[in-house]
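In mature numbering (1 follows the signal peptide of the UniProt record, and there is no 0), the protein residues as written are -18 to -1, 1 to 193.
Note that CB positions come from ideal geometry on N, CA and C, so glycine has one too.
These figures come from a predicted structure and were not determined experimentally.
Before any comments, here is the structure.
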């Protein structure tokens, strides 16, 4: 029994040392290895073999090199071959961003500041570069917040009142005789709030109220 163990142990060690790690063909999403059709039939390949890969249009390797080397190691392909999406950030419609005119990689997020009265969908503050492009278009849309009834003005009547008012709607006031209008003749609904209404007073009363 001791003799059998003595014979088998060196044989097992010899076989274990004889096993070499191999690597299968690297399936690269949005990319391919150099001269892929020529080398594909040679896989799996032994440890130590290396190849170069490139990425499709609008994609780039983490090193951003046109051709990136990968080697077969004990743990597989190193570095792991992958292609990341590139997203060009243009100007922002109805807003602005410090990233305008720059190129970003998949996973990057960009902050956007919308103009007053505008917002990104769901009030988000930025967009992210994903595998399929930007998570949202770089566009701020007008916020449509309704207003309650226009403010009541003493000695005045509304012209063409409506049951509902949206952001951007305007309403005109007309003073009753013999009162004069002081201030803007119109008020505007802006994001749920009306601008300052006018006053309708007798001229003498108005002048006295200013002192």
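Starting from the C-beta of residue i, find all residues in its chain whose C-beta is less than 6 Å away, skip the five residues before and the five after it, and write them out in chain order.
| i | result |
| --- | --- |
| residue 3 | 29, 56 |
| residue 14 | none |
In this structure, how does DSSP classify residue i when only helix, strand and coil are distinguished?
| i | result |
| --- | --- |
| residue 16 | coil |
| residue 51 | strand |
| residue 110 | strand |
| residue 161 | coil |
| residue 22 | helix |
| residue 185 | helix |
| residue -18 | Caution applies to residue -18, whose pLDDT of 42 falls short of 50 and renders its modelled position unreliable; the model cannot decide the point. |
CA-CA distance, residue i and residue j?
| i | j | result |
| --- | --- | --- |
| residue 74 | residue 102 | 11 Å |
| residue -13 | residue 24 | Confidence in residue -13 is poor, its pLDDT being 38 and thus under 50, which makes the residue's placement unreliable; the coordinate value appears in the next sentence. Rounded to whole angstroms, residue -13 to residue 24 spans 39 Å at the Cα level. |
| residue 163 | residue 176 | 18 Å |
| residue 121 | residue 63 | 34 Å |
| residue 17 | residue 35 | 9 Å |
| residue 87 | residue 111 | 6 Å |
| residue 172 | residue 118 | 25 Å |
| residue 150 | residue 85 | 36 Å |
Please go through the same chain and pick out, in chain order, the residues whose beta-carbon is closer than 8 Å to the beta-carbon of residue i, but skip the five residues on each side of it.
| i | result |
| --- | --- |
| residue 137 | 157, 158, 161, 182, 183 |
| residue 141 | 153, 154, 155, 156 |
| residue 72 | 82, 83, 120 |
| residue 115 | 67, 69 |
At least one CB of chain B closer than 7 Å to the CB of residue i: is that the case?
| i | result |
| --- | --- |
| residue 36 | The structure shown contains no chain B, having only a single protein chain. |
Bridge partners of residue i, per DSSP?
| i | result |
| --- | --- |
| residue 28 | 4 |
Report all residues from its chain with a CB closer than 7 Å to the CB of residue i; omit the five preceding and five following residues, and keep chain order.
| i | result |
| --- | --- |
| residue 7 | 22, 25 |
| residue 108 | 91, 92, 93, 94 |
Cβ contact (3+ pairs, closer than 8 Å) linking the segment 29 to 39 and the segment 47 to 60:
yes
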